[in-house]
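There are 2 protein chains.
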Amino acid sequence: MAEGLVLSIDGMGGDHAPDIVVEGVDIVARRRSGVRFLVHGDAARLGALMDRYPDAKAVSEIVPAEKAIGMEMKASQALRQGKGSSLWNAVAAVENGQAHAVVSAGNTGAYMAIAMFRLRTMEGVHRPALAARWPHAKGGYTVILDVGANVEADGEQLVEFAIMGEAFQRAVSGKERPSVALLNVGAEEQKGHEEIRAAAQLIRDSGVDLDFRGFVEGDDISKGTVDVVVTDGFTGNIALKTGEGTARLVGQLLRESLTSGPLAQLGALIAYPALKKLRARMDPGTFNGALFLGLNGLVVKSHGSASGSGYAAAIGVAEKMARSHYREEIASKLARVSRAPAPAKVEDAN
Amino acid sequence: MAEGLVLSIDGMGGDHAPDIVVEGVDIVARRRSGVRFLVHGDAARLGALMDRYPDAKAVSEIVPAEKAIGMEMKASQALRQGKGSSLWNAVAAVENGQAHAVVSAGNTGAYMAIAMFRLRTMEGVHRPALAARWPHAKGGYTVILDVGANVEADGEQLVEFAIMGEAFQRAVSGKERPSVALLNVGAEEQKGHEEIRAAAQLIRDSGVDLDFRGFVEGDDISKGTVDVVVTDGFTGNIALKTGEGTARLVGQLLRESLTSGPLAQLGALIAYPALKKLRARMDPGTFNGALFLGLNGLVVKSHGSASGSGYAAAIGVAEKMARSHYREEIASKLARVSRAPAPAKVEDAN
Chain A
33 MAEGLVLSID GMGGDHAPDI VVEGVDIVAR RRSGVRFLVH GDAARLGALM
83 DRYPDAKAVS EIVPAEKAIG MEMKASQALR QGKGSSLWNA VAAVENGQAH
133 AVVSAGNTGA YMAIAMFRLR TMEGVHRPAL AARWPHAKGG YTVILDVGAN
183 VEADGEQLVE FAIMGEAFQR AVSGKERPSV ALLNVGAEEQ KGHEEIRAAA
233 QLIRDSGVDL DFRGFVEGDD ISKGTVDVVV TDGFTGNIAL KTGEGTARLV
283 GQLLRESLTS GPLAQLGALI AYPALKKLRA RMDPGTFNGA LFLGLNGLVV
333 KSHGSASGSG YAAAIGVAEK MARSHYREEI ASKLARVSRA PAPAKVEDAN
Chain B
33 MAEGLVLSID GMGGDHAPDI VVEGVDIVAR RRSGVRFLVH GDAARLGALM
83 DRYPDAKAVS EIVPAEKAIG MEMKASQALR QGKGSSLWNA VAAVENGQAH
133 AVVSAGNTGA YMAIAMFRLR TMEGVHRPAL AARWPHAKGG YTVILDVGAN
183 VEADGEQLVE FAIMGEAFQR AVSGKERPSV ALLNVGAEEQ KGHEEIRAAA
233 QLIRDSGVDL DFRGFVEGDD ISKGTVDVVV TDGFTGNIAL KTGEGTARLV
283 GQLLRESLTS GPLAQLGALI AYPALKKLRA RMDPGTFNGA LFLGLNGLVV
333 KSHGSASGSG YAAAIGVAEK MARSHYREEI ASKLARVSRA PAPAKVEDAN
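Protein chains in written order, with this note's numbering: chain A, 33 to 382; chain B, 33 to 382.
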């Protein structure tokens, strides 16, 4: 790996694989950033595609895999039967030190299960988390985690998520000191679940180096109130999907409005460049690439229905993470938290 | 109350009270639907406003209240010090049988606490819930509850929420048999928290008359997959606020795009009527009016920042609920659930 960055790609994962995968690799290849790719999957299909994308071909090595894991396969089944699949081999390339990070648009549950099984969690991490980005009103992206790796999280896990999410945000945005908050039903200290209040106390007591801002509410994700929003995987998954659903609904209503008559259509035609810019801003493709945090290896998940440019965005996340000091930062902060004294119990009478 | 519907109004609650409250009453009054209003609050200010809104004045009685509860007052403080306030008196009018329902845009926590204290929960209801509506792609509104009355809910409570939410949707939409589902991180049976899986089983075992569709995900709220989405108050609050935040963000980006240059502005001007229709559809004012379900009395919460037409929408919810058989329906279904045999425990060995 001395010759620069190598990324391991699951060529067969996703709704439109392998076509959009190779298209995404090609987009990145044309930037000439020196990244090389190991593309796992059906050698015949991938080879034929590469012939159509010479830039991708020039920086890729096709690694034949005998099978692919379907989008509907259960995680437990993928663990039993997945060996030799493009997804399995793509993850194994990171484990074996052949690549710096892996990217797949395939079956999320299978991907998480195989990545956890092969790469294991980092020391000091109880459970990995899936971190996604969401556009906000100030022009950047809020990192939100966990968006679905676990359905529950206790106070300690939320603290780990905070540390991992902050390092992720720094690596992808270049922001020196991202601010962090816990997602809650109100900003007041006494609000919410016990786990969340415990996590807030734990972060404050640990003395870990975080710009911690306490609690934020659901609408703060789009406002960009803080850079990193931390929550359990149940709440985070539902928040993210509710946001995605709403953005899709508004987009649909906008299209309906602007095709509702000749005047509306004319207006839309004239305003087309501006509307196109709006669309790009809210297009999940532009902020595609969720990171599976807390493993001994960089694991990036692309949306299953990503386009070629969306897939390129996910590769971009893998590239930025691989060039960052993300894992060293996490490791040192986690060590600090685990060394912190247990918080004193507050007692009524003394 | 023999002479028709009477609604009790907190004249002083909300960011723009009492002005928008009287404006909202006036909008409803001009429909001549025979509703009369008891408007509680500062008699001098309300009287002066009524002089400007003669339609409101003709159907309203001003009930002087010596004070108002501020938006920042804590619920516990409101319970101790709130007696004699416009909010307190507005709720008491329902308790005393002087009005069929109460509407306030005031402090949510104080409103819930006072309403629970004065009206008490219905027999068979463990905890009340706050139900809101959200526009969906099929043209109607999804009812979602609980959006913040409780931070947790066990299986039994979720079943009660399902029953109450279904009756609410029928009363406001006129839909004969609204479909119901539980909010989860996946549609598969084995997904999510134990409480949710228990609730799904409980609904199926109880034999209660509901069109129950199992689990839905966050994006189904905007898709309109089912008519009623049931969840705990923590998740529901965060989902609703995340959706609101996203809608606001897209609206802001759209405005920015359409004012970004002369061509964009021209296009927007030509498409203005279509854009205005879109705005009305996503304007929280048009679906304003959350219902605090499960109390011995109808309690409607308006957004604190509602406009006059938004407030009129909340009054419309109170009117529809008061003319419905909602409480009788809930009472009979709850009785059925509580009579249902406890679900048998599944045992491995026999």
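Think of the CB as a built atom: it goes at the ideal place given N, C-alpha and C, for glycine as much as any other residue. Note that the coordinates shown come from a computational prediction; the quantities given were computed from them, not determined experimentally.
Among the bridge pairs identified by DSSP, residue 165(B) is matched with 175(B). Around residue 88(A), the same chain offers 54, 57, 58, 61, 82 as residues with beta carbons nearer than 7 Å, after the five sequence neighbours per side are excluded.
Under the criterion of beta carbons closer than 8 Å, residue 102(A) and residue 139(A) qualify as touching, at roughly 7 Å. At least one C-beta of chain B is nearer than 9 Å to the C-beta of residue 168(A).
Per DSSP, the continuous beta strand (DSSP E) segment holding residue 42(B) begins and ends at 38-42.
In the three-state reduction of the DSSP assignment, residue 276(A) falls in the helix class, which pools H, G and I.
Put simply, the CB of residue 143(B) is far from chain A, with every gap to its CB atoms at 9 Å or more. In this chain, the alpha helix (DSSP H) harbouring residue 238(A) covers 226-238.
Taking CB atoms only, residue 298(B) has a neighbour in chain A less than 9 Å away. Nearest to residue 360(A) by alpha-carbon distance, out of 202(A), 51(A), 108(A), is 202(A). In terms of CA proximity to residue 280(A), 167(B) leads the group 167(B), 131(B), 44(B).
By the Cβ-count criterion, residue 64(A) is exposed, with fewer than 16 other Cβ atoms from all chains shown falling within 10 Å of its own Cβ.
Sequence-distant Cβ neighbours of residue 105(B) in its own chain, meaning closer than 7 Å and more than five residues away, are 139, 142. When the beta-carbon positions are compared, residue 123(B) and residue 147(B) come within less than 9 Å of each other. In the DSSP assignment, residue 307(A) falls within the alpha helix (DSSP H) that extends over 304-314. Within chain A, the residues placing a beta-carbon under 9 Å from that of residue 225(B) are 183, 184, 266, ordered along the chain. Of all residues in the region 245-262 of chain B, those with a C-beta nearer than 8 Å to a C-beta of chain A are 249, 250, 251, 252, 253, 254, 255, reading in chain order. Less than 9 Å divides the Cβ of residue 350(A) from the Cβ of residue 332(A). In the structure shown, the three-state DSSP call for residue 115(A) is coil. Chain A places no beta carbon closer than 9 Å to that of residue 96(B), leaving this residue out of the contacts. In the structure shown, the three-state DSSP call for residue 207(A) is coil.
Residues of the region 300-324 of chain A whose Cβ lies closer than 8 Å to any Cβ of chain B, in chain order: 300, 301, 302, 303, 304, 305, 306, 307, 309, 310, 313, 314.
At a cut-off of 9 Å, the C-beta of residue 284(B) has a neighbouring C-beta in chain A. Below 8 Å, too few C-beta pairs join the region 352-366 of chain A and the region 36-47 of chain B to call them touching: fewer than three. Scanning its chain for C-beta atoms nearer than 6 Å, with the 5 sequence neighbours on each side dropped, one finds around residue 209(A) the residues 243, in chain order. Runs of the beta strand (DSSP E) lying entirely within the region 43-108 of chain A, each at least 3 residues long, are 68-73, 92-96 in chain order. Interface annotation, residue 333(A): not in contact with chain B, CB-CB separation never under 9 Å.
Those residues of the region 272-283 of chain A placed with their C-beta closer than 8 Å to a C-beta in chain B are 272, 273, 274, 275, 276, 277, 278, 279, 280, 281, 282, 283, ordered along the chain. With a contact defined as Cβ atoms closer than 8 Å, residue 162(A) and residue 151(A) miss out at about 14 Å. Put simply, the region 213-223 of chain B does not touch the region 239-259 of chain A. Fewer than three CB pairs are less than 8 Å apart.
If you draw a straight line from the Cα of residue 160(B) to the Cα of residue 330(B), it comes to about 12 Å.
Comparing alpha-carbon positions, the option among 44(B), 278(B), 308(B), 307(B) lying closest to residue 137(B) turns out to be 44(B). Not a single CB atom of chain A sits nearer than 9 Å to the CB of residue 91(B). Membership of residue 151(A) in the alpha helix (DSSP H) is indicated by the continuous run 140-151.
The three-state secondary structure of residue 364(B), taken from DSSP, is helix. Non-local beta-carbon contacts of residue 93(A) in its own chain, meaning distances under 8 Å to residues more than five positions away in sequence, involve 68, 69, 70, 71 in chain order.
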